[in-house]
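Participant: Below is one structure. I have some questions about it.
Numbering (my numbering), first residue to last: 1282 to 1847.
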């Protein structure tokens, strides 16, 4: 396996495609010379592109597809390995062993964590590229953001891409809002069933709420207007009505924290933070919001509870003076913590918990976070400019990290270490379960798209791998094959709209240069929404726990799921 050191796609692996298809012996496929001729790519860059508007909802094809099975065990092993060795790997925007950033197929900022069942869901502002009149990429103004990206994990290393929630604008659920910034999420059982609530900021002018029966949607707007606006009592003089955070307390009551901005002459005491109790329906306010006295506030309200104490966390402003540093110890744009015995405050200053990521990774910027607990471990999620730095653009487009920390018995956190390595894997992936292909720890080149009609209409839900080209790959960390090696690999695949699917998928263990378990040909697969199950016999063996790489050749196809069969 060759390594591509240049991030843009080069198309240099095209010469091996015909060889690969011939070796995989797809039934009914054209001859290898025709295959090779058809495998031309446009040389498209692997940089992130804006998600296109989805088509109108269509009825999903109900036709049952019979599995297409291929047997490659009889092929000459040396020929198969020669083809594999000549395939050029698309380089990822993160290291093979790095867990941060969480995803590189899209940007994600202002992350917020929601723990539900055995998974944690991360909701993020969906930064999108902005261009000037000459089609030159320009600095991120956040003005075109109207979607919320959502991913989830049950092991803290492999993350499932659930797409982009169409939150605001005429194409979103909240048509009264232009933007959807800095989401916060909560869930509550109402009338015997779980309900999920997604709070977001319409730029700095108000806070809306969406509701759904699932953490990935589809979401709808239950109010048709802002939950919190300039007309809300005690909010008219808040410069920035944004950056919500929600606390679900042990007694079932819920609270929302929001606000920000620095009025002229009030650097040390901006007075723009607010807290309010949410109604039992989670879409109304009880009483009037209350002002919180927060020193050197800029933005980014956060809230968590540890023991019987409440911790309000926030980002300091960019005008911290010597007096502020001498009194509190913090500097510009750092995450700090305050503590109280009451969720409505008042809060007293406690400590600094996160330096500005620019001090660690370079490229300073706004600092946004969320502290959460999952499987009895404490984590902080925050954004950096690491992804755009790897892409060489440096225009304020942000990506999400998570790092673990130890919570002391007295609630002290200390300054959290920011890393690329990330977190320990909490559980292994079952090789024999049906696993979504859009769930991985590292990727190179591929993107994701809606896998069904429901996800097409709302932007989020079940996703499939798309935009596959030669040498693209995904890595799934920590796959458990058990004590006996499987006999075959099955994937569900369809043709990309308007294209003819041709190619192959290599399953490789432990590294891109590792043992090839199987070569699964892609040929004669379904068009439209339906996916075809394709099966290939294994040419290698795997027992125990391994990292698994799926390396793709060809193009014109999309992958929904995979599993091994004993």
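Virtual Cβ for every residue (Gly too), placed ideally from N, Cα, C.
For residue 1294, which three-state DSSP category applies?
Facilitator: With a pLDDT of only 32 at residue 1294, under the threshold of 50, the placement of this residue in the model should not be trusted; the figure read from the coordinates follows. Residue 1294: coil per DSSP, three-state reduction.
Participant: Could you check if residue 1605 is buried or exposed, using at least 16 other CB atoms within 10 Å of its CB as the buried criterion?
Facilitator: buried
Participant: Could you check which residue in 1820, 1774, 1411 and 1691 has the C-alpha nearest to that of residue 1589?
Facilitator: 1691
Participant: Count the other CB atoms, across all protein chains shown, that sit within 10 Å of the CB of residue 1426; report buried if there are 16 or more and exposed otherwise.
Facilitator: buried
Participant: List the DSSP bridge partners of residue 1716.
Facilitator: 1843
Participant: At which residue ranges does the stretch 1624 to 1674 contain complete beta strand (DSSP E) runs of 3 or more residues, listed in the order of the chain?
Facilitator: Those beta strand (DSSP E) runs which fall completely within the stretch 1624 to 1674 and span 3+ residues are 1629 to 1635, 1650 to 1655 and 1658 to 1665.
Participant: Whose C-alpha, out of 1451, 1551, 1433 and 1763, is nearest the C-alpha of residue 1739?
Facilitator: 1451
Participant: So what does DSSP say about residue 1606, is it helix, strand or coil?
Facilitator: helix
Participant: Tell me, please, whether the stretch 1635 to 1642 touches the stretch 1407 to 1416 by the rule of three or more beta-carbon pairs shorter than 8 angstroms.
Facilitator: no
Participant: With distances taken Cα to Cα, identify the nearest neighbour of residue 1707 among 1457, 1423, 1440 and 1394.
Facilitator: Ranked by Cα distance from residue 1707, the options 1457, 1423, 1440 and 1394 are led by 1440.
Participant: Rounded to whole angstroms, what is the Cα-Cα separation between residue 1472 and residue 1567?
Facilitator: Rounded to whole angstroms, residue 1472 to residue 1567 spans 20 angstroms at the Cα level.
Participant: My guess is that residue 1660 and residue 1685 are in contact by the Cβ rule of under 8 angstroms, so how many angstroms apart are they, rounded?
Facilitator: 5 angstroms
Participant: Following the continuous beta strand (DSSP E) through residue 1433, name the residue where it begins and the one where it ends.
Facilitator: Per DSSP, residue 1433 belongs to the beta strand (DSSP E) from 1428 to 1434.
Participant: Check for me: the beta strand (DSSP E) holding residue 1800 runs from which residue to which?
Facilitator: 1797 to 1803
Participant: According to DSSP, simplified to helix, strand and coil, what is residue 1516?
Facilitator: coil
Participant: Rounded to the nearest angstrom, how far is the Cβ of residue 1370 from that of residue 1752, given a contact under 8 angstroms?
Facilitator: 5 angstroms
Participant: Drop a sphere of 10 angstroms on the beta-carbon of residue 1517, count the other beta-carbons inside from all chains shown, and report buried for 16 or more, exposed for fewer.
Facilitator: exposed
Participant: Taking the runs of the beta strand (DSSP E) that are 3 residues or longer, which of them lie wholly in the stretch 1376 to 1408?
Facilitator: 1390 to 1397 and 1400 to 1406
Participant: Return the first residue and the last residue of the alpha helix (DSSP H) that residue 1768 is part of.
Facilitator: Looking at the DSSP string, residue 1768 is not in any alpha helix (DSSP H), and its letter there is neither H nor E.
Participant: What do you get for residue 1629, buried or exposed, if any count of 16 or more other CB atoms within 10 angstroms of its CB means buried?
Facilitator: exposed
Participant: From 1410, 1404, 1399 and 1422, pick the residue whose C-alpha is nearest to that of residue 1435; which is it?
Facilitator: Selected option, being the one with the closest Cα: 1399.
Participant: Could you give the distance in angstroms between the alpha-carbon of residue 1457 and the alpha-carbon of residue 1792?
Facilitator: 49 angstroms
Participant: Would residue 1822 and residue 1713 qualify as a contact pair, given that the criterion is a beta-carbon distance under 8 angstroms?
Facilitator: For residue 1822 and residue 1713, no; Cβs fall outside 8 angstroms.
Participant: Can you grab the Cα-Cα spacing for the pair residue 1765 / residue 1829, in whole Å?
Facilitator: 17 angstroms
Participant: Which whole-angstrom value is the C-beta distance of residue 1586 and residue 1528, which I expect to be below 8 angstroms?
Facilitator: 7 angstroms
Participant: Could you check how far apart the C-beta atoms of residue 1616 and residue 1650 are, in whole angstroms? I think they sit under 8 angstroms.
Facilitator: 5 angstroms
Participant: Under DSSP, the alpha helix (DSSP H) around residue 1417 begins and ends at which residues?
Facilitator: It is not in any alpha helix (DSSP H) - residue 1417 carries neither H nor E in the DSSP assignment.
Participant: Residue range of the beta strand (DSSP E) that residue 1482 falls in?
Facilitator: Counting along the chain, the beta strand (DSSP E) containing residue 1482 begins and ends at 1474 to 1482.
Participant: So, are the CB atoms of residue 1556 and residue 1536 less than 8 angstroms apart?
Facilitator: yes
Participant: Inspect the CB distances between the stretch 1376 to 1385 and the stretch 1713 to 1728 and report whether three or more fall short of 8 angstroms.
Facilitator: With a cut-off of 8 angstroms, the stretch 1713 to 1728 and the stretch 1376 to 1385 count as touching, because enough Cβ pairs lie within range.
Participant: Is the Cβ-Cβ distance between residue 1674 and residue 1703 less than 8 angstroms?
Facilitator: no
Participant: Is the Cβ-Cβ distance between residue 1718 and residue 1745 less than 8 angstroms?
Facilitator: yes
Participant: Hey, out of 1835, 1409 and 1523, whose CA is closest to residue 1488's CA?
Facilitator: The candidate whose alpha carbon is nearest that of residue 1488 is 1523.
Participant: Quick check on residue 1696: buried or exposed, where buried means 16 or more other Cβ atoms within 10 Å of its Cβ?
Facilitator: exposed
Participant: When you compare only the Cα positions, how much space is there between residue 1844 and residue 1820?
Facilitator: Going by the C-alpha atoms only, they are around 16 angstroms apart.
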